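So the structure is just underneath, and the comments pick up after that.
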Amino acid sequence: MMSKPWLLYAYPQQPFPRRVVIYVRARNIPLSIVTVVHVSDAQLGNKVPEGIPPQPPGRLSILAMPNPSSDRQPFIFVKQSIAIMEFFQGACIHGRYGFPKLPQPVALPINMSEIGDAANPGANEDGDAAAAAAAYALHTVRHNELLTLASA
163 MMSKPWLLYA
173 YPQQPFPRRV
183 VIYVRARNIP
193 LSIVTVVHVS
203 DAQLGNKVPE
213 GIPPQPPGRL
223 SILAMPNPSS
233 DRQPFIFVKQ
243 SIAIMEFFQG
253 ACIHGRYGFP
263 KLPQPVALPI
273 NMSEIGDAAN
283 PGANEDGDAA
293 AAAAAYALHT
303 VRHNELLTLA
313 SA
């Protein structure tokens with residue numbers, strides 16, 4: 163287990179930081195590993211809760227990981243919501259850094275053109291209608307799960 167939790171700086175009203183927070187909840191990543199730091203409104207000075215290091219420069223979302231090999235730079239920063247979610251995905255797939263290991267890698271299509279469309283979910287370039295329909299159904303289920311988490 164890690165000595166200090168990782169800090170995820172997020173402003174809850176912005177869509178991209180909120181997407182990362184939803185992802186952390188969906189993956190059941192415990193707060194003992196990743197602490198979500200809700201940053202206040204930028205017009206009020208980006209204040210963070212007491213005892214938390216100030217927000218690093220840059221746009222939110224920002225993941226601050228403790229850097230045990232350097233006293234001068236106590237954190238390593240990962241910026242951009244997609245990069246943060248990809249990092250978490252890799253950590254969960256392999257069970258690294260104390261993250262909960264996924265039973266199997268999640269295989270979702272990159273874009274809708276790979277699985278057809280809503281009107282014809284079996285239409286893809288391979289002609290494999292059953293696989294395309296299954297991928298479309300999985301994509302729809304995951305999308306609905308994320309919408310449910312976002313509204314919670």
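Residue numbering for the sequence shown follows our numbering, beginning at 163 and increasing consecutively.
Positions of the beta carbon are idealized from the N, C-alpha and C atoms, including for glycine.
Remember, it's a predicted structure, so these values are computed and weren't measured experimentally.
Neighbourhood of residue i by C-beta, 6 Å cutoff - its chain only, sequence neighbours within 5 removed
i           : result
residue 245 : none
residue 264 : 254 and 255
residue 276 : For residue 276, the predicted structure reports a pLDDT of 49, less than 50, and the residue's modelled location is therefore unreliable. The matter cannot be settled from this model.
Residue j beta carbon less than 7 Å from that of residue i
i           : j           : result
residue 260 : residue 184 : no
residue 172 : residue 225 : no
residue 247 : residue 238 : no
residue 243 : residue 304 : no
residue 200 : residue 174 : yes
residue 241 : residue 220 : yes
Bridge partner(s) assigned by DSSP for residue i
i           : result
residue 255 : Per DSSP, none; premise fails for residue 255.
residue 239 : 226
residue 197 : 169
Cutoff 8 Å; reference residue i; Cβ partners in own chain excluding five residues on either side
i           : result
residue 186 : 170, 196, 198 and 250
residue 307 : 188
residue 252 : 258
Expected contact under 8 Å - CB spacing of residue i and residue j to nearest Å
i           : j           : result
residue 229 : residue 236 : 6 Å
residue 191 : residue 262 : 7 Å
Residue i CB to nearest heavy atom of the ligand ATP below 6 Å
i           : result
residue 188 : Absence of the ligand ATP from the depicted structure is noted, as is the absence of any ligand whatsoever, leaving it without description.
Close beta carbons around residue i, own chain, < 7 Å, minus the five adjacent residues each side
i           : result
residue 232 : none
residue 176 : 222
residue 166 : 228
residue 302 : none
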